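Those sequence lines, one after another, are chains A and B.
Counting in the numbering used here, the first sequence runs from 2 upward without gaps.
Counting in the numbering used here, the second sequence runs from 2 upward without gaps.
2 protein chains.
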Amino acid sequence: MSTMRRLNLIESHLVSRFPTIPYDDSLDEFRKKGTEINIDILQQSYFGPFYTWIKDVFKIMNENPLFNHFEEAEMSREILRKRIVHQIATIYPKLKLNYDIVKQDYMKKLGLLYPMADYDIALAVRLLVHIVLYTDTITNLGTEKHRDLVNRAYNIQDYGSFAMTELGHGSNVAKIETTATYDHATREFILNSPTATSAKWWIGAVGKTANMTVIFAQLYADNINRGVHVFVVPIRRNDASHDTLPGVVVGDCGKKLGLEGIDNGFILFKNYRVPYDALLDKFSQITTEGKFKSSIKNKDKRAGIMIAGLVGGRICCTCGSEQDMRLGLAIALRFSAVRKQFGGQEGPELPILTYPLQRLKFIPYLAKMFAIRSCVIYSLGDINAFLRKLEEDPECLEVNEFHAILSSVKCVSSWYGTACLQECRESVGGLGYSSYSQLGRIRNNQDVMVTWEGDSSVLIQQTGKFLLKQIQKSFKGQKIHAKTMTFLKTDIHEINAFKPHFESSQELENETLILDLIDYRLNLLLHQSLLKLQESTANSVDMVDAWNKSQPFYVQEACKAYGEYIMAHDLLRFVKDITAKDETLGRIMKKYWLLYTIGVIEKSLVVFMEHLFNASHVKIVRESIMRLCNELVEDSVRVIDALAPPDLVIGSVIGVSDGQIYKKMIETVEKSKRVYEKPEWLPLLLEIKGIKK
Amino acid sequence: MSTMRRLNLIESHLVSRFPTIPYDDSLDEFRKKGTEINIDILQQSYFGPFYTWIKDVFKIMNENPLFNHFEEAEMSREILRKRIVHQIATIYPKLKLNYDIVKQDYMKKLGLLYPMADYDIALAVRLLVHIVLYTDTITNLGTEKHRDLVNRAYNIQDYGSFAMTELGHGSNVAKIETTATYDHATREFILNSPTATSAKWWIGAVGKTANMTVIFAQLYADNINRGVHVFVVPIRRNDASHDTLPGVVVGDCGKKLGLEGIDNGFILFKNYRVPYDALLDKFSQITTEGKFKSSIKNKDKRAGIMIAGLVGGRICCTCGSEQDMRLGLAIALRFSAVRKQFGGQEGPELPILTYPLQRLKFIPYLAKMFAIRSCVIYSLGDINAFLRKLEEDPECLEVNEFHAILSSVKCVSSWYGTACLQECRESVGGLGYSSYSQLGRIRNNQDVMVTWEGDSSVLIQQTGKFLLKQIQKSFKGQKIHAKTMTFLKTDIHEINAFKPHFESSQELENETLILDLIDYRLNLLLHQSLLKLQESTANSVDMVDAWNKSQPFYVQEACKAYGEYIMAHDLLRFVKDITAKDETLGRIMKKYWLLYTIGVIEKSLVVFMEHLFNASHVKIVRESIMRLCNELVEDSVRVIDALAPPDLVIGSVIGVSDGQIYKKMIETVEKSKRVYEKPEWLPLLLEIKGIKK
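Take a look at the structure:
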């Protein structure tokens, strides 16, 4: 603890107007009832390759007074943005990245961002926009001649941004309006924003910081639209003036409902000329004779490949949901173990985490959190292999399958996370409405996960297209090579032939049975989606219309089920890996797996009741869930303790690890602005009350 | 429009750096497809007794530059609090209330608050705390001698607050720690806050404003705890000094995640002596001989009656959820009718409200909004009769039944509202993340509805106790007089004998059938809850434990079903009443009723599939929902236009009634702080990039 902080604490203690607060051992008592667990093994298994980065970054944060959520809560937008730049400057140089290091192991880059996001998504994203979205786009779509820009980016000689979204277009990138017209006379591109809605919008780092950007624009060569291409261009002078360049307008998008530390901005071009080399020309080029050529013939596919740089962003976004859940659950579980309200007919009040209802609200989300993390470790873990494939053959099956997994998992985790944070906020009651709980900030950060890196209900349709294509292939008798689609059954009779048998929770909690149920659900939903699509085709104006009609209740549900299928398998792998290292942990983790998968089944009871389940199955499923929550509740407090970042990183007064929540709340409130002062507007109040001064 | 505003607009237009924005007729075009409706009849039916108050208050707001969300978004907590006091001072005196007016028609008070809440929940609540929670508590629990305080309150000679919740106790009011010890020697009460957790907490108006409060405290007389009683006491001098009184500590609870305009504060007492008349002594008194007596013998019941003053608050809270939904849906529907993204294989991009998925996200919430509003009009509408009953016999069946309805409806509407606002935020995509969309502010306001006036998952248990008590009576052969419980079937065989028949959407969309299905669901859930309770009793330490074990999946669900049953009937009454006035409107409203009730059935498919429904019923239910959404979509834009407050009151750039969302967004952003300025922290940025000045 810094001397300053210590002094502040002592001072606030001295002037406190509250009665003395005795030590509250509620959290200790609750923890004691849990199983003794090997924290190191849990942390190493859970954080995987990020483990050491986390320790390093948290150490920097702990030693630096720049990291303090309480101070940030009261800061203006402008000051907060400065603060984050300062925070980046404190962390980034100590953990140097460069092209070669990242090429060797891309995970290092994500590992750096991960603990930063634990502190604040805005902090991580402020850097991510630059070293992932900007830098990866140049790396993936550029060629050898752009290497210098990549190096400059890793050295922060340039600060980059990623200008894809426009005011008028987000999800439909193919229809963006910004144009880049090739002028053969000078071998330049002329960038233009022909309409107000073509303004690049929400572009992180553009409001105040970036001097560079990668611009997505419709390329016109020979007066023909060649589809969306990407150009790396300067927008501000890279000198002490920081002036916006002639032909460019940049501004700040203003106040947001969260993530105020990110300076999202807009960009407009007016006949802004950039040299030929601004084109990231790996897939498309214009010859010195002025002829356009591209190795990807299909314009739509080309647009798809242009946004491949979003892969890193989407993985971070998936991680982000898991992180927000981890923070939210740490706060909510600790608070609920301390907070006492009501009790038995006799005796003292009980911690609210004693109540089944409260357990049911939180513990299943802890299981979901493990499911997301496992998926990041396993299905999304070998990103190096994916990036190699992407370089070799961006249209191959493995690349498409990776996109399908990532799209579905990004979306499912964003919905899990948003619902979880809302539950955490609500279910800790009024004290969760205080800024000092941090639940509001974390929920507002989480909120955007559903929107950015692809609006979830649109993005997940990419998964749907992949899956239905595979099934159609299978129907045609072709062999399915996609490694995640071994579940697929083409014959509906075979699907319907499945008759699970369980007459008790014990019989239900069987690995094989559960995996079969998960398979069944996915198969049934996919078949129903396909039928719905066929049915819709008959009364639609075109295939797009039919597709849209098949989304509600069908394709969307099937795609979510695919994401959950992936997560169920990945979490099981996690359980097995950790069991090999530590049996006690393995037993606990197995219960989370059961809770996750049976929870998935419970949310889909309607599907199962169509042919398989009756009322007594429903009862058994719910009994299992409730019993698992009850069995896991004390262990869950220990587990979240092991996985939660230090108090300073969470910054929640009601989620402090020592359980002194009331003490911390009072201390914080007493240190707040103007806590005991009269209102500045007393004269107005007196006037209204008719009191003469 | 004020001259100032006009000048600002012209100025901003002159300096805009954006391309000219042509008029966007998307919203007009979308509206045109809807049915021509009688706006007056719709407004009068929907707003009922509030209709004229709304017009009056909106007129004041429109004429006064004090009402401007854009300006408020950038204000500090302190300034915002002043602003709201100023706003209250602008509205309240023009619509004078006093004891007699309120006595004659309590709805007038709520009618004043309602349009204020349309502008900002914080504005309404800032006044509500004073004229509902504080004033009603004195009115309901005090006697003739307290009348002067009530008059002073209506004249704002005092500013009051409602000090029930403590740092350590919210839902469990019976266990609050503040004590009021009767001292017969001086015939005074001595108020004390024995612990830090006994600090009154979150008390609206206490942070800066209030000079008075009603304090909930454990009354000790003759050294015996007589349970929770309420005392009206001064906390600050009612003079120009505004000093806190000796023996009292008041402070500000600090930053919140929303509602920053409310100065929530804390109160501590240290041997604070107040005269005997501070006791609100309608139900309990201490005789001049020093003997405690009370007309309500049971201590628990007494505590229940003490919080009867919350009735007005809970009705406002129910209204609040409906209002937040109305604002959110106005923004989301208009935006989605304007925003175009994707389209058919050929042709232009289509409004996103064209897509079934987007329709399914919003239209069912519009139906829910009507259901809440109908319930406020009918089941909760005769509050005057309720207040008379409460005065005559606070323990009678009608009072208990009203509480059961209100508790369930407050909770159900809070969950509807929170989910709806989250959906609105998410489903308008990135532009919804801008502060200028107002969706963040409205959602953060809505968020607290689940928590205040009784944490919803705790409060709804009051309904559960009422319902199960009635069933138990019925089992014993007693006649059930509760007027909302005509659905009740005691014989499970009779319930199970119900065999609905429908083989198409058309057959399903039958009033009698749907009401039977809604009855069936409620009966089945109640029976299952009772069984669960019996089963739990067998393996629980006491009845409280058994009760808690019966909450998840059972009692909670039954109580929600009761609230939805009430709403389904009230909405049907609304449909019939409006049909009598206007058949076109009646036809549209009937569709909302179908959508509401079939939506309720859809969310409960698991219940219906236990014995009644098979896969084809599920399909029919969902087809009906989707078809109704499709049929209602254009009308819904017209309907929300009629019910949405003026643009100034909503303040959303993406929800403007003229549909010029991009224009408004750009104008607003260009007027934001520092939009085109360089960062104040440029030196830091240059340092990081290694650029010398």
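We put the beta carbon where it would ideally sit given N, CA and C, even for glycine.
Everything numeric in this text was worked out from a predicted model, so none of it was measured.
When you compare the CB positions of N212 (chain A) and D278 (chain A), do they come within less than 8 Å of one another, or not?
no
In its own chain, which residues sit with a C-beta less than 8 Å from the C-beta of L606 (chain B), not counting the 5 before and 5 after it?
F614, V619, V622
With DSSP as the reference, label E75 (chain B) as helix, strand or coil.
coil
If I'm right that V86 (chain A) touches W682 (chain B) with Cβ under 8 Å, what's the distance once you round it to whole angstroms?
6 Å
Name, in chain order, the residues that DSSP records as bridge partners for R274 (chain A).
A:I191
For K294 (chain B): DSSP bridge partner residues
B:Q286
So what's S337 (chain B) in DSSP terms, helix, strand or just coil?
helix
Between E427 (chain B) and chain A, is the shortest Cβ-Cβ distance under 8 Å, so that the two count as touching?
yes
Alpha carbon of D492 (chain A) to alpha carbon of A405 (chain A), nearest angstrom:
23 Å
Which whole-angstrom value is the C-beta distance of I515 (chain A) and V410 (chain A), which I expect to be below 8 Å?
The pair is not a contact, with the Cβ atoms about 20 Å apart (cut-off 8 Å).
If you count every other CB in all the chains shown that lies within 10 Å of the CB of S296 (chain A), and 16 or more means buried, which is it?
exposed
At the level of alpha carbons, what is the spacing between T355 (chain A) and A338 (chain A)?
8 Å
Proximal residues to W202 (chain B) (C-beta, below 7 Å), its chain only, five neighbours per side dropped
T166, E167, L168, C254, F267
Cβ closer than 9 Å: which chain B residues qualify as neighbours of T1 (chain A)?
Given that chain A is displayed from residue 2 to residue 694, the structure contains no residue 1 (chain A) and the question cannot be resolved.
Every unbroken beta strand (DSSP E) inside the segment 542-566 of chain A [3 residues or more]
none
If you draw a straight line from the alpha carbon of I216 (chain B) to that of S530 (chain A), how long is it in whole angstroms?
59 Å
List the endpoints of the continuous alpha helix (DSSP H) containing E427 (chain B).
398-428
Does the beta-carbon distance from V449 (chain A) to G564 (chain A) come in below 8 Å?
no
Short Cβ contact (8 Å threshold) for I132 (chain A) with A154 (chain A)
yes
Distance check for P50 (chain A) and S408 (chain A), CA to CA, integer angstroms please.
22 Å
Hey, L361 (chain A) and C560 (chain A) are a contact pair by Cβ (cut 8 Å); roughly how many whole angstroms apart?
Contact flag wrong, Cβ pair sits at about 26 Å.
When you compare the CB positions of G208 (chain A) and R442 (chain A), do they come within less than 8 Å of one another, or not?
no
Reduced DSSP secondary structure (H/G/I, E/B, other) of A616 (chain A):
helix
Where R18 (chain A) falls: helix, strand or coil (DSSP)
coil
Taking C-alpha atoms, which residue in A:Y100, A:I92, A:D101, A:T140 lies nearest to R127 (chain A)?
A:I92
Name the chain B residues whose beta carbon is nearer than 7 Å to that of F343 (chain A)?
N173
Give a yes or no on contact between the segment 532-541 of chain A and the segment 494-513 of chain A, applying the rule of three or more CB pairs nearer than 8 Å.
no
Around the Cβ of M544 (chain A), are there at least 16 other Cβ atoms within 10 angstroms (buried) or fewer (exposed)?
exposed
Taking 8 Å as the CB-CB cut-off, is C254 (chain A) touching chain B?
yes
Quick check on the DSSP output: the alpha helix (DSSP H) that includes V207 (chain A) runs from which residue to which?
Where V207 (chain A) is concerned, there is no enclosing alpha helix (DSSP H), given that its DSSP letter is neither H nor E.
Could you confirm whether any beta carbon from chain A is found closer than 8 Å to the beta carbon of N65 (chain B)?
no
Members of the segment 242-253 of chain B near chain A, C-beta cut-off 7 Å
H243, V250, G252, D253
Just the chain B side, please: which residues come within less than 8 Å of V619 (chain A) by C-beta, in chain order?
V607, E611
Starting from V576 (chain B), find everything on chain A with Cβ-Cβ shorter than 9 Å and list it in chain order.
Near V576 (chain B) there are no residues of chain A at all, since even the closest Cβ is about 25 Å away, more than 9 Å.
CB contact below 8 Å: F19 (chain A) versus chain B:
yes
Buried versus exposed call for T196 (chain B) [16 or more other C-beta atoms within 10 Å across all chains shown]:
buried
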